[in-house]
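Novice: Residue numbers (my numbering): 167 to 673.
The structure's right below; bear with me while I get my questions together.
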C-alpha cells in the first residue's frame, strides 16, 4: 500500500502533547531495571504512550490543530514559528505505516483492508479517540522493537527500495529489493546482507577474506596500513558527522554529584573541573587522530561543527579556554589545586566506554595516566553493551567517553542533550536558563540570535563542567573493487546513504 498522508500523520500524533498522555519517564536501578514500570503502564493504559515524550510548545507541539491530510500530503500550520520546520518529515522520521500499525493493534479487524485501517487511524487522531490511540501508540512504541525476524509482515513494511527479509540477532539482517519501488532510483543489487561486526579488526579481516564487500568504521594507523596492502580493496578516509566527547554524571550519587558532599554543589563542580582539566585532548588528537588525518585538531565546541558559522564565536565566548590544551602540565597543576580547594583526596572516577573499540581503549589509557597524575583514581568501567549502560545504568559510571552522531543540520538538534528531560541527557544535567533558551531557540528564525542562544547554552555547560568535546571523527570506508558507487557520507547513515546506487563492477 503506497505511503500517504495517513502515514505522515503518525509523526504529528507522536510528537504533540495534544495526542500524548502524561507518561512518567523511566527510572532505573543499578542493574538498569525500570523501577517505575507499574506507574508507566497505568498512565499508558489511560492515554497514548508513544515513548516519545514530546516537549510542550516545541517542534510539532507548536502545531495545535490537527493537520489536514489530503492524499499523499499533510499540511502543518504552526501557531508560532518553528526554527527547524524544514527538517520535519525526513526519511529518518517517516518509517512506520499507519495501516500496518492499526493491523497490529487490532488483529483481524483490518487485515484485508489497508485503506480502512488508514481511515480509522486518521479518524482516531482527528477525534482524539483515546481508546484507539492507546492501542496504536503501544504498537508504535513496542511493536517494531524486534531482534529476530518477526512473523507479522506488517513489522517489516518499508517506504524505501529495500525490505527486511531475514534477521538474526547479533549476526545479520538481509535486505531484499522491492519489485514495486518506483519513487526513487532502482537498486542494482537484489539483496544486501548487513553483518553485525563490532570489532574494527574483524571488519578488516572480513573484507580481506571476501566475507563482506563493504565495511566502515573507526580507523587506526594499523588498520589503514592493512587496507593499503590489500589486493582488490579500495578505501576512502574522510571526516564523519560524529565527534568524540566526554560527559560527566552529576546526579548518580557518584564523585561528581553534589549529593555525595551533602548537597555542596561547589565542591562537586570543583572536582568536575579538575577532572576535565586532566583530559589530555591534545595528546589524544596527536597520538591517535593526526596519524590518520594530518590536519586534525582538537574540537573546541560541543554544538558547532568546526568550520561552520558560529564555531569561532563559540570558541571565543563559551569559556572553553578554561580547558585550554596548549599546556597540559599546567592543567594538571591546576587540577591538583582544585582538588585541594575541594578538600577531596584521590576521588574515584568510573569511566564508561566501548570495551571492544581499540581507539577508545587507547583514549582511556591516556586519560587514566593524566588523571591519576593529578590525584584521581580511575576505574575502567568499559562494557560491550556500553550504549545500553549509558542510558539505563547511570549509577554504574561517572564519566562516559563516546561519540555523538549528527543526523541532520537542524539548529535545535543540540537541545535534547542539555534539557533536563532531553532524550540524550542521561546525566542529571539541569539548568532553568537552558530550558528558557531552548524554548526561545525553537521559535527563533533569526540566524544571529540562534547563534547567540547556542553559544550561551554551551557556555553554561562549561561553567557547570558537564563535559568536553575532543575531536571530529576520521572515518574510513573500504569496499571490494567488485562493487562500484560506494561513497562516504557525512551524516548518518554514513556510507549507507546511497546503497541503492551500489552496483557490480561488471554491470
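Beta carbons: idealized from backbone N, C-alpha and C, even for Gly.
Note that this is a predicted model, so its numbers are computed, not measured.
1) Starting from residue 268, trace the alpha helix (DSSP H) in both directions and tell me its first and last residue.
2) Taking the CB atoms as reference points, tell me whether residue 413 and residue 566 lie closer together than 8 angstroms.
3) Along the chain, where does the beta strand (DSSP E) containing residue 640 start, and where does it finish?
4) For the candidate residues 525, 500 and 545, whose alpha-carbon lies nearest to that of residue 517?
5) Do residue 255 and residue 323 have their C-beta atoms within less than 8 angstroms of each other?
6) Could you tell me which uninterrupted alpha helix (DSSP H) segments, each at least 4 residues in length, are contained entirely in the region 187 to 265, listed from first to last along the chain?
7) Which term fits residue 349, buried or exposed, when burial requires 16 or more other beta carbons within 10 angstroms of its beta carbon?
8) Under three-state DSSP, which class holds residue 410?
9) For residue 245, which residues of its own chain have a beta-carbon under 6 angstroms away from its beta-carbon, when the five flanking residues on both sides are left out?
10) So the candidates are 367, 444 and 385; which of them puts its Cα closest to the Cα of residue 535?
11) Can you tell me whether residue 657 is helix, strand or coil according to DSSP?
12) In terms of DSSP beta bridges, what is residue 400 paired with?
13) With distances taken Cα to Cα, identify the nearest neighbour of residue 658 among 475, 641, 672 and 650.
14) With DSSP as the reference, label residue 620 as helix, strand or coil.
15) Kindly indicate which residue of 347, 609, 387 and 268 has the alpha-carbon position closest to the one of residue 458.
16) For residue 480, which residues of its own chain have a beta-carbon under 7 angstroms away from its beta-carbon, when the five flanking residues on both sides are left out?
17) Exposed or buried, what is residue 181 when buried is set at 16 or more other beta-carbons lying within 10 Å of its beta-carbon?
18) Which term fits residue 353, buried or exposed, when burial requires 16 or more other beta carbons within 10 angstroms of its beta carbon?
19) Evaluate the contact criterion for the region 449 to 463 versus the region 567 to 577: three or more CB pairs, one atom per stretch, below 8 angstroms.
20) I'd like to check one pair, residue 550 with residue 596: are the Cβ atoms closer than 8 angstroms?
21) Pick from 211, 264 and 608: whose alpha carbon is nearest that of residue 253?
22) Please state the DSSP three-state secondary structure of residue 567.
23) Does the count of Cβ pairs from the region 424 to 440 and the region 576 to 590 closer than 8 angstroms reach three?
24) Using the Cα positions of residue 630 and residue 435, report the straight-line distance between them to the nearest angstrom.
25) What separation, rounded to the nearest whole angstrom, lies between the Cα atoms of residue 500 and residue 531?
26) Going by beta carbon distance, what residues of the same chain come within less than 6 angstroms of residue 402, once the five residues before and after it are set aside?
27) Can you look up residue 518 in the DSSP assignment and give me helix, strand or coil?
28) Is it buried or exposed, residue 289, if we count other Cβ atoms within 10 angstroms and call 16 or more buried?
29) Evaluate residue 407 with the Cβ neighbour count: other Cβ atoms within 10 Å of its Cβ, from every protein chain shown; 16 or more gives buried, anything less gives exposed.
30) Name the two residues that bound the continuous alpha helix (DSSP H) containing residue 458.
31) What number of angstroms, rounded off, separates the C-alpha of residue 420 from the C-alpha of residue 221?
32) So, helix, strand or coil for residue 672, using DSSP?
33) My assumption, with CB atoms under 8 angstroms, is that residue 370 sits in contact with residue 393. Please give the rounded CB distance.
34) Can you determine whether any heavy atom of the ligand MN sits closer than 7 angstroms to the C-beta of residue 249, and answer yes or no?
35) How long is the line joining the alpha carbons of residue 627 and residue 332, rounded to whole angstroms?
36) Quick check: the Cα distance between residue 600 and residue 250, rounded to an integer number of angstroms?
Specialist: So, from the listed chains and residues:
1) According to the DSSP assignment, residue 268 belongs to the alpha helix (DSSP H) that extends over 264 to 271.
2) In contact: residue 413 and residue 566 (Cβ atoms closer than 8 angstroms).
3) Secondary structure note for residue 640: its beta strand (DSSP E) is the uninterrupted segment 633 to 646.
4) Taking each of 525, 500 and 545 in turn and checking the Cα distance to residue 517, the smallest one comes out for 545.
5) By the CB criterion at 8 angstroms, residue 255 and residue 323 fall outside the cutoff.
6) If one requires a minimum length of 4 residues, the alpha helix (DSSP H) runs lying completely within the region 187 to 265 are 203 to 212, in chain order.
7) Around the beta-carbon of residue 349, fewer than 16 other beta-carbon atoms lie within 10 Å, marking it exposed.
8) Three-state result, residue 410: strand.
9) Cβ neighbours of residue 245 beyond the five flanking positions: 228 and 230.
10) With distances taken between Cα atoms, residue 535 lies closest to 444.
11) In the structure shown, residue 657 adopts coil according to DSSP, grouped into three states.
12) Residue 400 is bridged to 645.
13) If we check each option's Cα against that of residue 658, 641 comes out closest.
14) Residue state, collapsed to three classes: helix.
15) For the residues 347, 609, 387 and 268, the minimum Cα distance to residue 458 belongs to 387.
16) Closer than 7 angstroms at Cβ, skipping near neighbours: 467, 469, 470, 621 and 624.
17) By the neighbour-count definition (other C-beta atoms within 10 Å, threshold 16), residue 181 is a buried residue.
18) Residue 353 is buried by the Cβ-count criterion.
19) Counting Cβ pairs under 8 angstroms, fewer than three are found: no touch.
20) Cβ distance not < 8 angstroms, so residue 596 and residue 550 don't count as in contact.
21) Nearest option by C-alpha distance: 608.
22) Per DSSP, reduced to three states, the secondary structure at residue 567 is strand.
23) Cβ pair count under 8 angstroms is below three, so no.
24) Cα to Cα, residue 630 sits roughly 6 angstroms from residue 435.
25) Each residue's alpha carbon lies about 21 angstroms from the other.
26) The residues are 643 and 654.
27) Residue 518 falls in the strand class under three-state DSSP.
28) With fewer than 16 Cβ atoms within 10 Å of its Cβ, residue 289 is classed as exposed.
29) When all chains shown are included, residue 407 counts as buried.
30) Element bounds for residue 458: n/a, residue is neither H nor E.
31) Inter-residue distance for residue 420 and residue 221 is about 29 angstroms (C-alpha atoms, whole angstroms).
32) Assignment of residue 672 by DSSP, reduced to helix, strand and coil, places it in the coil class.
33) In this structure residue 370 touches residue 393 by the C-beta definition: roughly 7 angstroms separates them, less than 8 angstroms.
34) The model on display carries no ligand, and the ligand MN is accordingly not part of it.
35) Whole-angstrom Cα-Cα distance: 44 angstroms.
36) C-alpha separation (whole angstroms): 18 angstroms.
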